[in-house]
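Below you'll find the structure, written out as structure tokens, and then a few comments.
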Amino acid sequence: MNARSIQRFVWSIIRGMIVISICFVILRPVLTKFVSSFMTEWDIWDQTVRWVPRSFTLDNYRAMFEFMRYPQAAWNSLVFSFSIAAAQLVSCTIVGYGFARFRFRGSSLLFGLVIFTLLVPPQIIVLPLYLNFRYFTLWGLLPEPGLDLIGSWWPFVLMALSATGLKNGLFIYIMRQFFRNMPKSLEEAAYIDGAGPFRTFLTVMLPGAVPALVIVFLFAFVWQWNDYFFTSIFMRDGTMLAHTLDIAAESYAHAMGTTLTGQYISLLNNTGMLMFIAPLLLLYAVMQRYFVESVERTGIIG
Amino acid sequence: MKGARRFGISLRRREELLGYLFTLPFTLGFILMFLYPFIQSIIFSLSRLEITAAGYDLIPVGLENYHRALFVNAEYPRHLLETAVTMGRDVPLILTFSFFAAILLNQKFKGRLAARVIFFLPVILGADIILKMESADYMTALLDGTVDQQMLGFVSRGELRELLMYLKLPEVLLIYIIQGAERLAEIIRNSGIQILIILAGLQSIPPSLYEVAEIEGATGWENFWKITLPLLSPLILTCVIYTIVDFFTSPTNPLVEFIDSYAFGGAGYGISMAMSWVYFLIVALVLAVVGGIISRRVFYMD
Chain L
3 MNARSIQRFV WSIIRGMIVI SICFVILRPV LTKFVSSFMT EWDIWDQTVR WVPRSFTLDN
63 YRAMFEFMRY PQAAWNSLVF SFSIAAAQLV SCTIVGYGFA RFRFRGSSLL FGLVIFTLLV
123 PPQIIVLPLY LNFRYFTLWG LLPEPGLDLI GSWWPFVLMA LSATGLKNGL FIYIMRQFFR
183 NMPKSLEEAA YIDGAGPFRT FLTVMLPGAV PALVIVFLFA FVWQWNDYFF TSIFMRDGTM
243 LAHTLDIAAE SYAHAMGTTL TGQYISLLNN TGMLMFIAPL LLLYAVMQRY FVESVERTGI
303 IG
Chain A
124 MKGARRFGIS LRRREELLGY LFTLPFTLGF ILMFLYPFIQ SIIFSLSRLE ITAAGYDLIP
184 VGLENYHRAL FVNAEYPRHL LETAVTMGRD VPLILTFSFF AAILLNQKFK GRLAARVIFF
244 LPVILGADII LKMESADYMT ALLDGTVDQQ MLGFVSRGEL RELLMYLKLP EVLLIYIIQG
304 AERLAEIIRN SGIQILIILA GLQSIPPSLY EVAEIEGATG WENFWKITLP LLSPLILTCV
364 IYTIVDFFTS PTNPLVEFID SYAFGGAGYG ISMAMSWVYF LIVALVLAVV GGIISRRVFY
424 MD
């Protein structure tokens, strides 16, 4: 045993402790929800109970399953997030390709504007946007007072298709970087074989960009699932999981005809939150490599 | 090629047209879904908005909304100052932690993949609705409180304080570190993307540089300051900007909550727009200054 190997051994122990404690800090909110979801109110008052409930119960799950309208709301969220993410993927990929491969006047200015959309907080534009969708005249083409699009999917579809949805600037950036790093000879070969620019894009470039497409889609899906800022404003009586989670404990109390203690509401809410993130955790477990290696795979750094 | 000649346009011109065509979704989206509401929000901040049967009316009021936000409203300036202080305090902490975590995760050890997966988890779980519910949640407060009193990782608060006293650090730094440690959980949970970016940066540094340094007899400490840090400096700029933007658009940011409550709580759209704009301009100023200072020190290898 020389000094160096002892030093290495000590460091590996310290490192292990640090990594484990950081992991614990990160996992704690999930653990909190998990243990709370099996507790009854008695467990909260019981001073000996902290992490392991004494009277194990599934009642919280039963209540939240019903009052979050879980199967329906989860399905709604799934279909909605999937569709919007797909629309964002299409538009951001096309735009990103345009920035990566074609030189045109004003392209760097336009790309600067892409970054600018990322820097401006959505709070600034959400109110005018709301009014534009509430009295939608297709920017002056339809007669006043216009259509009421609030409550429909249209605001989200329009924003997704025009690459201005949630964090779409980032997706354009990712796709641009990825296409830029792909060898130019691929396209040149296709052009020589007589393929037009659109066929080249569809049959040569897109298949090569699958890693970046998966990453953009995953992020778009997760962020759309998690979004409550836009969905709470643009959908009046929302049927997405985030909406039903928000009011589930309240409607439970209403249905029971009683007022619940803050503690009991907390147990219900923690159960609900766990049910809200469960599909994402599942997705993450299956696709974790894509998430964790996303920056390397897309070559954002390069 | 054939098509180009048929329409009688040069290749260069054709490339330009394709560029405009591919980026068209964003150009349209930017004008209609971003620029238009962006300009409207300036007008709103200078008006009083009244909902009528046929839509809404805008009554110009000059700078009244700004005056009311800054000088009449009792809470807004206080929130503004608090947010600025929190941002100034947290951004360096998040960056330091991300750097540290990325270096840790870049070393070889058992369970590294699992650690990476967990470190990145907060990015998936950062839903607005979850963060909002957690901030008011009883069980979260209870269990977090228990843990924080027992340990920050493996060291208790009192022990940390003693340890730092022993190091004879200047008092300002001492208070800063202790406060940082107390907010450790929040710092860690806001570092996911930054860790990912720096980690990818670390992996893109050619190992030959470290080999040369080792032959020359450089220590790990010197390696960090002379190789790692300069080569990562462009990414530090990205991370700083990301952290600031992430912080000031976060729905759990008290100032954002405060402004939102004005916008949709009926107290007046105009004044909430004015508040958003003051906030946005301050952050834009911060971004410009910080970005300017850092980009001067950024080192590019090529």
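Quick mapping for you: the protein sequence lines, in order, are chains L and A.
Counting with the numbering used here, you get residues 3 to 304 for the letters of the first sequence.
Counting with the numbering used here, you get residues 124 to 425 for the letters of the second sequence.
Built from N, CA and C at the ideal position, the CB exists for glycine as well.
Please state the DSSP three-state secondary structure of residue i.
i: residue 42 (chain L); result: coil
i: residue 1 (chain L); result: Given that chain L is displayed from residue 3 to residue 304, the structure contains no residue 1 (chain L) and the question cannot be resolved.
i: residue 182 (chain L); result: helix
i: residue 205 (chain L); result: helix
i: residue 138 (chain L); result: strand
i: residue 254 (chain A); result: helix
i: residue 352 (chain A); result: helix
i: residue 255 (chain L); result: helix
i: residue 371 (chain A); result: helix
i: residue 249 (chain A); result: coil
i: residue 30 (chain L); result: helix
i: residue 159 (chain A); result: helix
i: residue 132 (chain A); result: coil
i: residue 384 (chain A); result: helix
i: residue 238 (chain L); result: coil
i: residue 212 (chain L); result: helix
i: residue 191 (chain A); result: helix
i: residue 197 (chain L); result: coil
i: residue 244 (chain A); result: helix
i: residue 154 (chain L); result: coil
i: residue 293 (chain A); result: coil
i: residue 273 (chain A); result: Only weak support exists for where residue 273 (chain A) lies, its pLDDT of 49 falling under 50; the value from the coordinates is given anyway. Reduced to three states, the DSSP call for residue 273 (chain A) is helix.
i: residue 423 (chain A); result: coil
i: residue 48 (chain L); result: coil
i: residue 285 (chain L); result: helix
Could you check whether residue j and residue i sit closer than 8 Å to each other, using their CB atoms as the reference points?
i: residue 167 (chain A); j: residue 129 (chain L); result: yes
i: residue 183 (chain L); j: residue 90 (chain L); result: no
i: residue 98 (chain L); j: residue 200 (chain L); result: no
i: residue 369 (chain A); j: residue 268 (chain L); result: no
i: residue 231 (chain L); j: residue 124 (chain L); result: yes
i: residue 359 (chain A); j: residue 242 (chain A); result: no
i: residue 385 (chain A); j: residue 203 (chain A); result: no
i: residue 105 (chain L); j: residue 138 (chain A); result: yes
i: residue 163 (chain L); j: residue 93 (chain L); result: yes
i: residue 226 (chain L); j: residue 300 (chain L); result: no
i: residue 363 (chain A); j: residue 311 (chain A); result: no
i: residue 233 (chain L); j: residue 222 (chain L); result: no
i: residue 157 (chain A); j: residue 34 (chain L); result: no
i: residue 69 (chain L); j: residue 254 (chain L); result: yes
i: residue 148 (chain L); j: residue 137 (chain L); result: yes
Who pairs with residue i in a beta bridge, going by DSSP?
i: residue 198 (chain A); result: Answer by DSSP bridge pairing: none, since residue 198 (chain A) is not bridged.
i: residue 179 (chain A); result: A:174
i: residue 149 (chain L); result: L:138
Give a yes or no on whether the minimum CB-CB distance between residue i and chain A is below 8 Å.
i: residue 112 (chain L); result: yes
i: residue 230 (chain L); result: yes
i: residue 141 (chain L); result: yes
i: residue 165 (chain L); result: yes
i: residue 246 (chain L); result: no
i: residue 99 (chain L); result: yes
i: residue 17 (chain L); result: yes
i: residue 12 (chain L); result: no
i: residue 253 (chain L); result: no
Answer yes or no: does any C-beta atom of chain L fall closer than 8 Å to that of residue i?
i: residue 257 (chain A); result: yes
i: residue 276 (chain A); result: Legend: pLDDT at residue 276 (chain A) = 48, less than 50; position of this residue unreliable, value from coordinates given subsequently. Residue 276 (chain A) counts as touching chain L.
i: residue 239 (chain A); result: yes
i: residue 153 (chain A); result: yes
i: residue 115 (chain A); result: Outside the modelled stretch of chain A, which goes from 124 to 425, sits residue 115 (chain A), for which no answer is possible.
i: residue 142 (chain A); result: yes
i: residue 160 (chain A); result: yes
i: residue 157 (chain A); result: yes
i: residue 273 (chain A); result: Note on residue 273 (chain A): pLDDT 49, under 50, position unreliable in the model; the coordinate value appears next. By this cut-off, residue 273 (chain A) is not an interface position.
i: residue 439 (chain A); result: An answer regarding residue 439 (chain A) cannot be provided, because it is not within the stretch 124 to 425 covered by chain A.
i: residue 352 (chain A); result: no
i: residue 96 (chain A); result: With chain A running from 124 to 425 in the structure shown, residue 96 (chain A) is simply not present.
Less than 8 Å between CB atoms is the rule here; does residue i satisfy it with respect to chain B?
i: residue 163 (chain A); result: Structure shown: chain B not included; protein chains present are L and A.
- Item | Completely contained alpha helix (DSSP H) runs for the stretch 104-135 of chain L, where each covers 4 or more residues | 109-121
In chain order, what are the residue ranges of uninterrupted alpha helix (DSSP H) at least 4 long that sit wholly in the stretch 301-364 of chain A?
307-312, 315-327, 330-338 and 343-346
* At which residue ranges does the stretch 216-242 of chain A contain complete alpha helix (DSSP H) runs of 4 or more residues, listed in the order of the chain? -> 235-242
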